[in-house]
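Presented below is the structure to which this report refers.
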Amino acid sequence: MRHIISLLVENEAGALSRISGLFSARGYNIESLTVATTEDQTLSRMTIITTGSDRIIEQITKQLNKLVDVVKLQDITEGNFIEREMMFVKVKAEGDTQRGEVKRLCDIFRARIIDVTDTTFCIELTGSGDKLNAYIRALHENNIVEVVRSGSMGILRGEKALTL
Amino acid sequence: MELSGSEIIIQFLKDEGIEYLFGYPGGAVLHIYDALQKQDDVKHILVRHEQGATHAADGYARATGKPGVCLVTSGPGATNAVTGIATAYMDSIPLVVLTGQVPSHAIGSDAFQEVDAVGVTRPCVKHNFLVKDLDKLAETLKKAFYVATTGRPGPVVVDIPKDITAPHIKIPYHYPDKVEMRSYNPNLKGHPRQIKRAVELLLGAKRPVIYTGGGVIMDDASQELRDFVRKLGYPITQTLMGLGAYPGTDPLFLGMLGMHGTYEANMAMHECDVLLCIGARFDDRITGVTSKFCPYAQIIHVDIDPASISKTINVDIPIVGGAKQVLTEMLKLLDRSESKVDQSAVDAWWKTIKAWQAQDSFAYEKKDGVIQPQEAIEELYKVTGGDAYITSDVGQHQMYAAQFYHFDEPRRWINSGGLGTMGFGLPAAMGVKLAFPDKEVACVTGEGSIQMCIQELSTCLQYNTPVKIINLNNRYLGMVRQWQEFFYEKRYSHVYMDSLPDFVKLAEAYGHVGIRVDDPKDLHDAMQEAFKLKDRTVFVDIITDQEANVYPMISAGKAHNEMDISPLQQAKQASLKAKGELV
Numbered sequence: 072m073r074h075i076i077s078l079l080v081e082n083e084a085g086a087l088s089r090i091s092g093l094f095s096a097r098g099y100n101i102e103s104l105t106v107a108t109t110e111d112q113t114l115s116r117m118t119i120i121t122t123g124s125d126r127i128i129e130q131i132t133k134q135l136n137k138l139v140d141v142v143k144l145q146d147i148t149e150g151n152f153i154e155r156e157m158m159f160v161k162v163k164a165e166g167d168t169q170r171g172e173v174k175r176l177c178d179i180f181r182a183r184i185i186d187v188t189d190t191t192f193c194i195e196l197t198g199s200g201d202k203l204n205a206y207i208r209a210l211h212e213n214n215i216v217e218v219v220r221s222g223s224m225g226i227l228r229g230e231k232a233l234t235l
Numbered sequence: 023m024e025l026s027g028s029e030i031i032i033q034f035l036k037d038e039g040i041e042y043l044f045g046y047p048g049g050a051v052l053h054i055y056d057a058l059q060k061q062d063d064v065k066h067i068l069v070r071h072e073q074g075a076t077h078a079a080d081g082y083a084r085a086t087g088k089p090g091v092c093l094v095t096s097g098p099g100a101t102n103a104v105t106g107i108a109t110a111y112m113d114s115i116p117l118v119v120l121t122g123q124v125p126s127h128a129i130g131s132d133a134f135q136e137v138d139a140v141g142v143t144r145p146c147v148k149h150n151f152l153v154k155d156l157d158k159l160a161e162t163l164k165k166a167f168y169v170a171t172t173g174r175p176g177p178v179v180v181d182i183p184k185d186i187t188a189p190h191i192k193i194p195y196h197y198p199d200k201v202e203m204r205s206y207n208p209n210l211k212g213h214p215r216q217i218k219r220a221v222e223l224l225l226g227a228k229r230p231v232i233y234t235g236g237g238v239i240m241d242d243a244s245q246e247l248r249d250f251v252r253k254l255g256y257p258i259t260q261t262l263m264g265l266g267a268y269p270g271t272d273p274l275f276l277g278m279l280g281m282h283g284t285y286e287a288n289m290a291m292h293e294c295d296v297l298l299c300i301g302a303r304f305d306d307r308i309t310g311v312t313s314k315f316c317p318y319a320q321i322i323h324v325d326i327d328p329a330s331i332s333k334t335i336n337v338d339i340p341i342v343g344g345a346k347q348v349l350t351e352m353l354k355l356l357d358r359s360e361s362k363v364d365q366s367a368v369d370a371w372w373k374t375i376k377a378w379q380a381q382d383s384f385a386y387e388k389k390d391g392v393i394q395p396q397e398a399i400e401e402l403y404k405v406t407g408g409d410a411y412i413t414s415d416v417g418q419h420q421m422y423a424a425q426f427y428h429f430d431e432p433r434r435w436i437n438s439g440g441l442g443t444m445g446f447g448l449p450a451a452m453g454v455k456l457a458f459p460d461k462e463v464a465c466v467t468g469e470g471s472i473q474m475c476i477q478e479l480s481t482c483l484q485y486n487t488p489v490k491i492i493n494l495n496n497r498y499l500g501m502v503r504q505w506q507e508f509f510y511e512k513r514y515s516h517v518y519m520d521s522l523p524d525f526v527k528l529a530e531a532y533g534h535v536g537i538r539v540d541d542p543k544d545l546h547d548a549m550q551e552a553f554k555l556k557d558r559t560v561f562v563d564i565i566t567d568q569e570a571n572v573y574p575m576i577s578a579g580k581a582h583n584e585m586d587i588s589p590l591q592q593a594k595q596a597s598l599k600a601k602g603e604l605v
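Taken in order, these protein sequences are the chains called A and B.
Numbering of the first sequence is given in my numbering, commencing with residue 72 and proceeding in unit increments.
Numbering of the second sequence is given in my numbering, commencing with residue 23 and proceeding in unit increments.
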């Protein structure tokens, strides 16, 4: 099962390597990991997407909680949650036909073109991982120059929140 | 009071009540050593290798319950300490290791004797710190001791760049009495409803077993455990790490369980209907194959570390809490509960257990002219009256010591259980002897293990720590040889120790006394002579049977009831069967 684990961690050097080190040392999977500071500069918010049996997920959350730098943790897939990921795609865009086609595809996916040259477009797209995958599939493979994905972020719906 | 970083470190250790600092100087810690030299409250023990420092501090910590403290230099000083840090980590021992670091401005430049000590030790510490700011030094040290000694204890490394300890930069110092960490709040008190459920389940048991580990010793809960077990009259078994928490000579004690545990303890585990585990972690050396572990049992698990619960074995009633607090609560509930022990069922259970005990799974055959390793430990037990602190290395001798030295008190049996670190025994014994100079301290070892930290014999002389080294010398790496005998058709690959040193002469060269004994007739006198020399370190080199094996044994993939038993026990089983006394 795929789980989204949200963490509040001390914003200290080494905290990230403690967490990534735990995953590699114990052989757990990481699909993606994102991290940045919060409105409180002493705290970082981290989202880890991982997969494993219930037993493994239980161990992952327990082992993460045990790390001294981890202040609070929640498996948000246990509740009602929103998940989003951001992606930049640089595509070839040469000639009116190709440029028009890329723009139409952007409209369909509600993507934005954020940089333009004579030969390329840079496109920004936000959504679930599935939507991002669908967009990539919709582009002609030969036209993709590069893809940059942020990894997923998650948040609980409603009044519930992961705060101190 | 205005102090430099170095003076803060030493003053802090004084204020923290630290008696001994085990260490080895070097470039990055020169300032600290200069401050150390100007006082005599914190006594420094100069080891011969940083691994020795960590094991000595570890032995001190295990025997006293107080944190062990080490000071080593950067680079190789730190990497040499890693084995000892990992040893303490696996056995949850409170250790604070101060490592010197190159000056802050040089970090990352591949400076002389630079290693990323925080990075290198990260996977084997409870936590570690790099001190970046002199103002934070005292607070960081306090945090280190707090984290190391509370909750599930463990080693903490504090990496201190040389500029932080510079003698000319002084700041005001106050001893931080306490420290708060929002991300670290260990829970000691078990959940009341879970404890109640556990007590009711225990009282309804027909074939109960209590299985305890090092957590009971760590939490100083031996007395509570004794009261609890005696009140119930249930059989108890202990892990290698747990020996001594419950008296080894008590009739309710079934002996150690696990890979080389007693037949009765392992059979009782397999057949029990309720298992209470306190302060142990269902380690692979205990469970055998997990799919066949305690197939009929409902399991209660008390542990201070939530991550230990349902890690390898799923349990029915988990209780997160300290052994002492939970046992105290359980004792109260036992007194209050309206349910009573099912005495007839438990009596019948004891009858079954007694039949297993009658097979005497540790029995071995004595031979003329050849010392059996087991009889050497039995002799040690006799001569010391069972009252010594015993440290050990790792291998067959460790198992024989656990099997044949019956520990009646906690903190007397000091060995590397989790990591299985050869070389642990001698420095650990030194640490114990410093803590308890009036007690007998013996290191049970083998000719393989002892050579991994033998340099500490020199430290023993410098600091006058007269320990006794009981070297079971079979000229083989015995445990590896045993596995090669059992599982590799006696292909003894690189386990024969050719060209061994003359240990008697070696002991003498280090300024100690050496005694060699190779005949069972002389064993008693040799052992007595060694312990008569109160103020000398004595190396007793005991030449033992080369191919003796440790029995019983649970091989890989086997369950508790599938032990390999000794030829003697097999014969006994056959004769009991013939008489119709064994079904």
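Note that the Cβ used here is the ideal one computed from N, Cα and C, for glycine as well.
Nothing here was measured: the structure is a model prediction, and the numbers come from that model.
- The secondary-structure analysis by DSSP pairs B/Lys556 with nothing; it has no beta-bridge partner.
- Close CB contacts of B/Gly236 within its chain, under the 6 Å cut and outside five residues either way in sequence, are with Met263 and Gly264 (chain order).
- B/Thr334 and B/Pro328 have their C-alpha atoms spaced approximately 13 Å apart.
- The three-state secondary structure of B/Ser26, taken from DSSP, is strand.
- For a cut-off of 8 Å, the C-beta gap from B/Pro395 to B/Asp567 is around 7 Å, short enough to register as a contact.
- Put simply, the CB of A/Ala86 is far from chain B, with every gap to its CB atoms at 7 Å or more.
- Residues of chain A whose Cβ lies closer than 8 Å to the Cβ of B/Pro328 are, in chain order, Lys133, Asn136 and Lys137.
- Residue contact with chain B for A/Ala96: present (Cβ-Cβ distance below 7 Å to some residue of chain B).
- Interface with chain B (7 Å Cβ-Cβ cutoff): A/Gly92 is included.
- Looking at the DSSP output, B/Ser521 sits in no beta bridge, so it has no partner there.
- Contiguous alpha helix (DSSP H) elements confined to the segment 62-86 of chain B occur at 72-86, taking only those with 4 or more residues.
- Looking from the CA of A/Ala182, the closest CA among A/Thr168, A/Gly198, A/Arg170 and A/Asp167 belongs to A/Gly198.
- With a 10 Å radius around the Cβ and a threshold of 16 neighbouring Cβ atoms, B/His516 comes out exposed.
- In the three-state reduction of the DSSP assignment, A/Met72 falls in the coil class.
- Chain A places a beta carbon closer than 7 Å to that of B/Pro145, counting this residue as a contact.
- Counting C-beta atoms within 10 angstroms of its own C-beta, B/Pro523 has fewer than 16 neighbours from the protein chains shown and is therefore classed as exposed.
- Within the segment 188-218 of chain B, Met203, Arg204, Ser205 and Tyr206 place their CB atoms closer than 8 Å to a CB of chain A, listed in sequence order.
- Three or more Cβ pairs drawn from the segment 360-374 of chain B and the segment 216-234 of chain B lie within less than 8 Å of each other, which places the two stretches in contact.
- In terms of beta-carbon proximity, B/His53 stays away from the interface with chain A, with every pair separated by 7 Å or more.
- For B/His419, the enclosing alpha helix (DSSP H) stretches over residues Gln418 to Phe426.
- For A/Lys137, the enclosing alpha helix (DSSP H) has its first and last residue at Asp125 to Lys137.
- Under a 10 Å Cβ-count criterion, B/Pro269 is classified as buried, with 16 or more other Cβ atoms of the shown protein chains found around its own Cβ.
- For the segment 327-346 of chain B, the set of positions with a beta-carbon nearer than 9 Å to some beta-carbon of chain A reads Asp327, Pro328, Ala329, Ser330, Ile331, Ser332, Lys333 and Asn336 in chain order.
- By the neighbour-count definition (other C-beta atoms within 10 Å, threshold 16), B/Phe44 is a buried residue.
- Contact annotation: in the segment 531-543 of chain B, no residue has its CB less than 8 Å from a CB in chain A.
- A/Gly198: member of the beta strand (DSSP E) spanning Thr191 to Gly198, first to last residue.
- Within the segment 146-169 of chain B, the residues whose Cβ lies closer than 7 Å to some Cβ of chain A are His149 and Val169, listed in chain order.
- Membership of B/Ser414 in the beta strand (DSSP E) is indicated by the continuous run Tyr411 to Ser414.
- B/Ala170 and B/Thr86 have their C-alpha atoms spaced approximately 15 Å apart.
- In this structure, DSSP gives B/His323 an extended state, which the three-state scheme calls strand.
- With fewer than 16 neighbouring CB atoms inside 10 Å of its own CB, B/Lys60 falls in the exposed class.
- The C-alpha of B/Tyr427 is placed about 18 Å away from the C-alpha of B/Ala570.
- In this structure, B/Gln245 sits away from B/Asp181, with a CB-CB distance that is not shorter than 7 Å.
- Between the alpha carbons of A/Thr234 and B/Ile331 lies a gap of roughly 26 Å.
- B/Thr76 is positioned such that its CB atom lies no closer than 7 Å to that of B/Gly27.
- Excluding the 5 residues flanking it on each side, B/Tyr111 has same chain C-beta neighbours closer than 6 Å at Cys146, Gly176 and Pro177, in chain order.
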